[in-house]
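Residue numbering for the sequence shown follows this note's numbering, beginning at -10 and increasing consecutively. For each residue, glycine too, the CB sits at the ideal point set by N, CA and C. Bear in mind the structure is a predicted one, so any value in this text is a computation, not a measurement. Have a look at the structure below, then the notes.
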Amino acid sequence: MKNFIETKRLILCEATLEDSEFFYTLLNSPNWIEFIGDKGVRTQEDAKQYIQSNLIDSYQKNGYGLLTMSLKESKKPIGICGFVRRDYLNSPDIGFAILPEHEGKGYTTEACEAIINYGKTELKLQTILGITTLENTKSRNLLTKIGLFEIGNLQPEKNKREFLLFSTKKATQTE
């Protein structure tokens, strides 16, 4: 995986354990808790464990993962964007989250467009999926804006929530 992806205003790069303060803040932000879920990250050490087991391990195992999204000028991390490999999906899905104070400025759209391009050109992904809850209209709108189509509902066995499933293909996830 490329160490970083650059856009007009952002740099997306692999997370490191030194990003624990940022991840602690992001994973405890109101939108993360509401729409993604409480990951039980209560300390900097918890944040480091989250980074290792959910991000760094994915880079090593899958060749991709969620990347830290930082402002190009200040290098300040403001969100994450990248691909997630889920055992209940046949293709990687795009994931994203941003700190509340940076919402509504187009950063997540910019990052997602770059990640989709990277997935298609560099990773040679044939299908890219996206999942979100019915209530998360911002994420639903963003997935549509970046070229994904709503193709159905999904309720993973271990999850109480039902998700909307999106895909870069208009057909089903098994194609």
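> Between the stretch -4 to 11 and the stretch 31 to 45, do at least 3 Cβ pairs fall closer than 8 Å?
Replying inline: yes
>> Please classify I22 as buried or exposed, where buried requires at least 16 other C-beta atoms within 10 Å of its C-beta.
In response: exposed
>> Tell me which residue opens and which closes the alpha helix (DSSP H) that L98 is part of.
In response: The sequence given here places Thr at residue 98; Leu does not occur at that position. Unbroken alpha helix (DSSP H) run through T98: Y96 to T110.
> Are the stretch 115 to 122 and the stretch 139 to 153 touching, with three or more C-beta to C-beta distances below 8 Å?
Replying inline: yes
> Could you check where the alpha helix (DSSP H) with D46 kicks off and where it finishes?
Replying inline: D46 to N51
> Distance, Cα to Cα, Q162 vs T110?
Replying inline: Only weak support exists for where Q162 lies, its pLDDT of 43 falling under 50; the value from the coordinates is given anyway. Their backbone Cα atoms lie some 20 Å apart in a straight line.
> Taking the beta strand (DSSP E) that A4 falls in, what are its first and last residues?
Replying inline: Unbroken run through A4: none, as it is neither H nor E.
>> For D27, count the other beta carbons within 10 Å of its own beta carbon; 16 or more makes it buried, fewer makes it exposed. Which is it?
In response: exposed
>> If you reduce the DSSP assignment to three classes, tell me which class D8 lands in.
In response: helix
> Between H91 and the rest of its own chain, which residues show a CB-CB distance below 6 Å, the 5 nearest in sequence each way excluded?
Replying inline: I67
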